[in-house]
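Single-structure report; data block below.
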Amino acid sequence: VSSDAVRAALVRRLRISSGITDEDVGEILSLPITVRQYPAERTVISDGERATECCLIAEGFCVRSKTIADGRRQILSIHIPGEIPDLMSLFLHVMDHDLSTLTPCTLGFINHETLRRLHQRNPNVAEIFWRDTLIDAAMFREWIVNVGQRPAPARLAHVMVELRERLKVVGRIAANSFDMPLTQEQIGEALGITAVHVNRVIRQLREDGILEFHRGRVTVLDEAKFQELADFDNRYLHQSPST
Amino acid sequence: MPRYYFDICENHHFVRDDDGQDFADQNAARQEAIETVASIAGEGFARSGSRQVIINVREGGAPFLKVSITLYVEET
Numbered sequence: 743v744s745s746d747a748v749r750a751a752l753v754r755r756l757r758i759s760s761g762i763t764d765e766d767v768g769e770i771l772s773l774p775i776t777v778r779q780y781p782a783e784r785t786v787i788s789d790g791e792r793a794t795e796c797c798l799i800a801e802g803f804c805v806r807s808k809t810i811a812d813g814r815r816q817i818l819s820i821h822i823p824g825e826i827p828d829l830m831s832l833f834l835h836v837m838d839h840d841l842s843t844l845t846p847c848t849l850g851f852i853n854h855e856t857l858r859r860l861h862q863r864n865p866n867v868a869e870i871f872w873r874d875t876l877i878d879a880a881m882f883r884e885w886i887v888n889v890g891q892r893p894a895p896a897r898l899a900h901v902m903v904e905l906r907e908r909l910k911v912v913g914r915i916a917a918n919s920f921d922m923p924l925t926q927e928q929i930g931e932a933l934g935i936t937a938v939h940v941n942r943v944i945r946q947l948r949e950d951g952i953l954e955f956h957r958g959r960v961t962v963l964d965e966a967k968f969q970e971l972a973d974f975d976n977r978y979l980h981q982s983p984s985t
Numbered sequence: 242m243p244r245y246y247f248d249i250c251e252n253h254h255f256v257r258d259d260d261g262q263d264f265a266d267q268n269a270a271r272q273e274a275i276e277t278v279a280s281i282a283g284e285g286f287a288r289s290g291s292r293q294v295i296i297n298v299r300e301g302g303a304p305f306l307k308v309s310i311t312l313y314v315e316e317t
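Below, the structure written as structure tokens:
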């Protein structure tokens, strides 16, 4: 993957969510980016580490997570190509959680100093990135509601519908299936339930003819039931510039 | 790592686990069974009127552990 392809994923997403102008796109496309390949399940930046660059996902999936004293890990969010999961590190200098890869990833790194100069030179781009981190916060609010209030089957369905909505923006879904490359244990860490409970929920959803989950891929069997179970309202994703 | 199978029965609805999962040892599998039965019961009892959850754990082909929770509600 070339560094051009890395920038293109970001621009594609920003065009849909932020109504970015061609001039601003030009600014982003001219950013110097260092591309690095990462294997699956590798830490990109750790809790407590001082960040000097932001990470743009070009290919693959990442997660943000936090591990408590007894070793249990909470997955906080799932990230897809075109996203900058540690954009806040531009202003919050020491990481307060981990960013790691789920799958093999192509990551583009943008130096903080470069981004800061772009922010100062071009307030439009600064606003777009600000909006991006606010949407990030909106997604965290929804994640809290989901994990705190919905029963396990709806909780899983909600995470799946959200992921599909976001993958759609970057053109990465098929007719009725999409990637969600998490193991049952990782899904458990995201939803706050055990891997065995996840296994049971997945069986139940298949038995009920709603969806299948196999080797990190979701296939929707009944779209109406899937939507109803997930109790999903996409408003919090703010996927158009006017919302 | 040994493979454990968790057959789950909620309100007499039995679901056999043919996939299984690896755990470091029997203690880890026991802990998983206890957490899972509590978490399924917590949701099922409160939301769908379940009264009993049982998990039978097999290690390889052999029975290893049975964990169950039953809800009793009495008017006093």
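Top line first, the protein sequences correspond to chains V and A.
Going by the working numbering, the first residue of the first sequence is number 743, and it counts up by one from there.
Going by the working numbering, the first residue of the second sequence is number 242, and it counts up by one from there.
Beta carbons are placed, not taken as given, at the ideal position from N, Cα and C, and that holds for glycine.
- Interface flag for Gln946(V) against chain A is set, since a Cβ pair is found closer than 9 Å.
- The residue from Ala868(V), Leu773(V), Gly930(V) with its alpha-carbon nearest to that of Val940(V) is Gly930(V).
- Within chain V, the residues Pro893 have their CB atoms less than 9 Å from the CB of Arg288(A), given in chain order.
- Taking CB atoms only, His900(V) has no neighbour in chain A less than 9 Å away.
- Taking all protein chains shown into account, Thr311(A) has fewer than 16 neighbouring C-beta atoms within 10 Å of its C-beta and is therefore exposed.
- Residues of chain V with a Cβ closer than 7 Å to the Cβ of Ile249(A) are, in chain order, Arg942.
- DSSP places Asn268(A) in the uninterrupted alpha helix (DSSP H) bounded by 267-288.
- Around the C-beta of Asp258(A), 16 or more other C-beta atoms lie within 10 Å, and the residue is accordingly described as buried.
- If you draw a straight line from the Cα of His956(V) to the Cα of Arg873(V), it is about 35 Å long.
- Restricted to the segment 855-894 of chain V, the alpha helix (DSSP H) segments that are unbroken, complete and at least 4 residues in length are 865-891, listed in chain order.
- In the same chain as Met881(V), and ignoring 5 residues on each side of it, the C-beta atoms closer than 8 Å to its own belong to Ser819, Glu904, Tyr978, Leu979, in chain order.
- The C-alpha of Pro823(V) lies about 26 Å from the C-alpha of Pro895(V).
- Around the CB of Gly290(A), fewer than 16 other CB atoms lie within 10 Å, so the residue is classed as exposed.
- In this structure Ile852(V) does not touch Leu771(V) by the C-beta definition: roughly 12 Å separates them, more than the 8 Å allowed.
- The segment 822-842 of chain V makes contact with the segment 783-793 of chain V: 3 or more CB pairs, one atom from each, lie closer than 8 Å.
- With a cutoff of 9 Å on beta-carbon distance, Leu933(V) and Arg897(V) are scored as near each other.
- Here Gln946(V) has Pro895 as same chain residues with Cβ atoms under 8 Å from its own Cβ, once five neighbours each way along the sequence are excluded.
- Taken in chain order, the members of the segment 243-268 of chain A whose beta-carbon sits within less than 8 Å of a beta-carbon on chain V are Phe247, Ile249, Val256, Asp258, Asp260, Gln262.
- In the three-state scheme derived from DSSP, where H, G and I count as helix and E and B as strand, Asp840(V) is classed as strand.
- Chain V places no beta carbon closer than 9 Å to that of Ala303(A), leaving this residue out of the contacts.
- Ala793(V) and Ser842(V) have their C-alpha atoms roughly 14 Å apart.
- Under the 10 Å beta carbon count, Glu251(A) is surrounded by 16 or more other beta carbons and is classified as buried.
- Separation of Met242(A) and Ile944(V) (C-alpha to C-alpha, rounded to the nearest whole angstrom) is 24 Å.
- A residue is called buried when at least 16 other Cβ atoms come within 10 angstroms of its Cβ; Phe833(V) does not meet this threshold and is exposed.
- The beta carbon of Glu927(V) sits closer than 9 Å to some beta carbon of chain A.
- Taking a cut-off of 8 Å for Cβ pairs, the segment 795-815 of chain V and the segment 758-769 of chain V do not touch, as fewer than three such pairs fall below it.
- Look at Phe851(V) here: in three-state DSSP terms it is strand.
- Looking at Thr856(V), Glu965(V), Ala751(V), the one whose alpha-carbon comes closest to that of Ser919(V) is Glu965(V).
- Neighbours of Ala972(V) in chain A, taken as residues at a C-beta separation under 9 Å, are lacking, since the least C-beta distance is about 16 Å.
- Nothing from the segment 743-760 of chain V brings a Cβ to less than 9 Å from some Cβ of chain A.
- For Cys847(V), the CB contacts under 7 Å within the same chain, skipping 5 residues up- and downstream, are Tyr780, Ile799, Glu801, Gly802, Cys804 in chain order.
- The continuous beta strand (DSSP E) containing His821(V) extends over residues 815-821.
- When secondary structure is reduced to three states using DSSP, Asn918(V) falls in the coil class, being assigned neither helix nor strand.
- As for any alpha helix (DSSP H) of minimum length 4 sitting wholly inside the segment 934-968 of chain V, the runs are 937-949, ordered along the chain.
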